[in-house]
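> Heads up, the first sequence is in the numbering used here, so the first residue is 112 and it goes up one at a time. Okay, handing you the structure first.
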Amino acid sequence: MASDIYSNILIVLKKIPKGKVSTYGRIAQLAGYEKCARQVAWFLHNSSKKEKLPWHRVLNSQGKIVLSTLEGQIKQSSLLSSEGVEVSDDGKVNLEKYLWKPKLM
DNA sequence: AACCTGACTTCGG
DNA sequence: TCCGAAGCCAGGT
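The structure is reproduced here in structure tokens:
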């Protein structure tokens, strides 16, 4: 499979429980491509345009919402808050509290 | 095929 | 804490 990375990303993404968040790098790592955090972001960026994915549960390593578009940030923060995740005005999330810590599979 | 870009991450100032 | 540079990989042009 040429792009099994994307398949894995989706699998990992679906495993993120509601009310929890994860980071690009962590997902990439779980997908088996620890150094492809950018590809994860790229993939979500494209997929979100075509399909509806729980991309809003993915943040950068600092637990901060950093998207290319302001609308995206607003939308993401709204979705997260709807799931019970506290998002500060700056779009930051308390990773200590909401970061999804997957168990070894 | 070559070069550019990006919803990243980490380190140093 | 904030800003910039380097490293990284794959898709787009």
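Backbone N, C-alpha and C define an ideal beta-carbon position, used for all residues, glycine too. Bear in mind that the values here come from a model prediction, so they are computed numbers and not experimental data.
If T217 and V169 are in contact, beta carbons under 8 Å, what's the gap, nearest whole angstrom?
Beyond the ends of the chain as shown, which are 112 and 216, falls residue 217; an answer cannot be given.
> Quick check on R137: buried or exposed, where buried means 16 or more other Cβ atoms within 10 Å of its Cβ?
Sequence index remark: in the first sequence, residue 137 carries index 26 (1-based). Result: buried.
> Determine the burial state of G218: buried for a count of at least 16 other Cβ atoms within 10 Å of its Cβ, exposed for fewer.
No statement about residue 218 is possible, as the shown extent of the chain runs from 112 to 216 and does not include it.
> Return helix, strand or coil for S158, following the three-state DSSP convention.
Residue 158 sits at position 47 when you count from the first residue of the first sequence. The answer is helix: DSSP assigns S158 an H, G or I state.
> So, is L141 buried or exposed, given that buried needs 16 or more other C-beta atoms within 10 angstroms?
In the first sequence, counting from the first residue as 1, residue 141 sits at position 30. Buried, because 16 or more other Cβ atoms sit within 10 Å of the Cβ of L141.
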